[in-house]
Amino acid sequence: GESVGLHLPTLSVQEGDNSIINCAYSNSASDYFIWYKQESGKGPQFIIDIRSNMDKRQGQRVTVLLNKTVKHLSLQIAATQPGDSAVYFCAEIMFSGGYNKLIFGAGTRLAVHP
Amino acid sequence: DTGVSQDPRHKITKRGQNVTFRCDPISEHNRLYWYRQTLGQGPEFLTYFQNEAQLEKSRLLSDRFSAERPKGSFSTLEIQRTEQGDSAMYLCASSHGDSRVNNEQFFGPGTRLTVL
């Protein structure tokens, strides 16, 4: 079946460095893509989304890049902070049955070292 | 706190017992979702409600699982005759609106189930 997956299970970075988390997807019909952050013991928290007709979107310290040619999504975090340590999931959204269906990948753990 | 809440946060049960979890969505949200998450994996969709109507169920939702949202507000997820394979985090999320543009599902903290 079609799925969303991640290249790296764990990413370690130094505080202050930029982080890049990558994701590959297989469903070219997805309408949106979302990045979620999940801290230990908490539910996923929305970070940023991007529409399938865009290739870049910026938020506060985060940028999402979408390359539809190679079906690749990335999340860039500028000046990574200890509070950014978490598991990051990309998810694709398909509008199906009258609602937005989320399909998550397996996640990448980001560890920020001082 | 006006976010999504779930109760209990943790549940330990013996194999074969029934368990029930509750989710209270954000009050103005008419859409409610249940997900299951195992360690190291992303959440997997279980079921979706719009108001009180259960509109979609995943094949993951076996006949031992049942979900309700009787008044279109809070929802319950019951697992009958629990098995060790049911051990997971059960997440609830809610969202608002009918537009395709509105993508954000707000997640609760989850209920962690351990079946011994």
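In order, the protein sequences belong to chains A and Y.
Note that this note's numbering numbers the first sequence so that position 56 is 142, with each residue one more than the last.
Note that this note's numbering numbers the second sequence so that position 62 is 88, with each residue one more than the last.
C-beta: ideal position from N, C-alpha, C; glycine also.
Worksheet entry | Beta-carbon contacts of Thr140 of chain Y that lie in its chain and below 8 Å, excluding the five residues immediately before and after | His36, Lys37, Ile38, Thr39, Ser113
Worksheet item: Name the chain A residues that come within less than 7 Å of Glu130 of chain Y, Cβ to Cβ?
Response: Phe132
Discussion item. Distance check for Ala192 of chain A and Leu65 of chain Y, CA to CA, integer angstroms please.
Written reply: For Leu65 of chain Y and Ala192 of chain A, the distance between alpha carbons rounds to 10 Å.
Practice prompt. Using the Cα positions of Thr46 of chain Y and Phe190 of chain A, report the straight-line distance between them to the nearest angstrom.
Written response: 25 Å
Worksheet item: Does the stretch 99 to 115 of chain A come within contact of the stretch 145 to 161 of chain A, defined as at least 3 CB pairs closer than 8 Å?
Response: yes
Item to complete: Would you list, in sequence order, the uninterrupted beta strand (DSSP E) runs of no fewer than 3 residues that lie entirely inside the stretch 113 to 179 of chain A?
Response: 118 to 124, 131 to 137, 142 to 144, 148 to 153, 158 to 163
Discussion item. Within 8 Å of any Cβ in chain A, is that where the Cβ of Gln76 of chain Y sits?
Written reply: So yes, Gln76 of chain Y belongs to the interface.
Worksheet item: Can you tell me whether DSSP reads Asp112 of chain Y as helix, strand or coil?
Response: helix
Fill in: Other residues of its chain near Leu118 of chain A: CB distance less than 8 Å, five sequence neighbours each side excluded
Rather than Leu, the amino acid found at residue 118 of chain A in this sequence is Tyr. Once the five neighbours on either side are set aside, the close Cβ partners of Tyr118 of chain A are Asp135, Ile136, Arg137, Ser138, Glu178, Ile179, Asn186.
Discussion item. Within the continuous beta strand (DSSP E) that includes Glu94 of chain Y, where are the two ends?
Written reply: That run of the beta strand (DSSP E) goes 91 to 94.
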